[in-house]
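In the working numbering, the protein residues as written are 614 to 831. Even for Gly, the Cβ is constructed at its ideal location relative to N, Cα and C. Model, not experiment: these values are computed from the prediction.
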Amino acid sequence: MIDLDYLHFLENILTANRKNKFLKVLENRTKHFTIAVEDVFQMHNASAVMRSCEIFGIQELNVIEQRYGKSIDKEIAMGAQKWVDINKFDNVTNCVDTLKNKGYQIIATTPHENDCLLDNFDISKPSALFFGTERDGLSEEILRKADGFLKIPMVGFTESLNISVSAAIIIQNLTNRLRNSDIEWRLSEEEILVKRLAWAKNSIKDIKRIEERYFSEL
């Protein structure tokens with residue numbers, strides 16, 4: 614449960630414009646879709662995917678770090694790391710099992726004989742969309758465990774797109790369709806309160822000192 618008194622205390626430190634911006638952004642946030650990236654070697658690509666998640670309203674990004682260590686490229690993310698929840702996993706199995714337990718179907722974004730074109734993808738089911746490495750694509754383990762396959766239609770000679778470009782195209786398409794649907798895709802009231810508190814804390818300088826003062830006076 615969120616401590617509403619503490620939330621209101623922190624939000625009173627913020628400007629009215631800041632608080633209103635939080636509420637407006639949260640109206641368009643969703644966990645109906647979540648994004649997962651597997652062993653993306655070039656970190657600026659993972660950071661760009663995070664930026665697309667933030668811009669188009671995806672609240673959670675899952676990062677599998679089985680082979681390469683990850684650190685956020687702040688210049689590419691442009692502050693998105695403050696507003697998007699990042700879940701890190703050290704192997705594919707943990708990531709897939711966690712997302713399935715949350716009720717997501719696993720969708721591999723890769724050309725496949727049973728794939729689905731982007732515009733035909735069924736948006737009604739909560740889905741975890743997996744993106745693979747720049748050179749090799751998704752691992753065989755994810756392809757075996759996938760519940761479905763999704764691809765972007767292409768009409769040129771080139772057979773693939775950069776991961777950050779692919780993610781941006783897919784995220785924009787699916788979230789736009791979602792917001793124009795009758796599907797219950799928004800965050801719950803409790804989830805919104807959790808984000809309001811986290812974002813308020815991320816926005817206040819010297820938050821540790823302020824927290825210490827607040828709780829010492831209770």
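Whose C-alpha, out of the options, is nearest the C-alpha of residue i?
i, options, result
"Leu800", "Ile615, Lys644, Leu617 and Val778", "Lys644"
"Phe734", "Arg809, Gln672, Glu640 and Asn789", "Asn789"
"Ile671", "Leu731, Asn658, Cys708 and Gln694", "Gln694"
"Asp616", "Ser829, Ile823 and Leu806", "Leu806"
"Met614", "Glu804, Ser665, Ser779 and Asn633", "Glu804"
"Asn641", "Asn727, Arg822, Ser829 and Trp798", "Trp798"
"Ser794", "Lys738, Glu772, Asp819 and Lys821", "Lys738"
"Asp652", "Asp618, Met767, Val705 and Asn630", "Val705"
"Lys632", "Arg822, Glu824 and Ile817", "Ile817"
"Lys758", "Glu802, Arg664 and Tyr717", "Tyr717"
"Leu791", "Phe669, Lys637, Glu824 and Gly750", "Phe669"
So what's residue i in DSSP terms, helix, strand or just coil?
i, result
"Ser752", "coil"
"Asn704", "coil"
"Asp698", "strand"
"Ile615", "coil"
"Leu674", "strand"
"Phe635", "helix"
"Glu824", "helix"
"Asp710", "helix"
"Val662", "helix"
"Phe622", "helix"
"Lys808", "helix"
"Ile736", "coil"
"Leu774", "coil"
"Lys715", "coil"
"Met691", "Low confidence applies here, because Met691 scores a pLDDT of 49, under 50, leaving its location unreliable; read the following figure in that light. Residue state, collapsed to three classes: coil."
"Thr628", "coil"
"Ser574", "The structure shown does not extend to residue 574, since the chain is modelled only from 614 through 831, so no value can be given for it."
"Ile784", "helix"
"Lys814", "helix"
Have a look at the DSSP bridge pairing and note the partners of residue i.
i, result
"Glu803", "According to DSSP, which records beta bridges pairwise, Glu803 is partnered with nothing at all."
"Cys729", "Leu763"
"Ile720", "Leu742 and Gly761"
"Glu651", "Ile677"
"Thr850", "Because the chain in this structure spans residues 614 to 831, residue 850 falls outside the shown range and cannot be described."
Short check: CB of residue i to CB of residue j, under 8 Å?
i, j, result
"Asn658", "Asn775", "yes"
"Phe702", "Ile677", "yes"
"Val697", "Ser777", "no"
"Cys708", "Asn675", "yes"
"Thr723", "Phe770", "no"
"Leu639", "Leu810", "no"
"Ala780", "Leu756", "no"
"Ile765", "Leu731", "yes"
"Ile699", "Ile796", "no"
"Trp812", "Phe635", "yes"
For the region 626-638 against the region 736-745, are there 3 or more C-beta pairs whose distance is under 8 Å? Output reads no: the region 736-745 does not touch the region 626-638.
For the structure I just gave you, are there three or more beta carbon pairs, one from the region 636-650 and one from the region 777-794, closer than 8 Å? Short answer: they touch.
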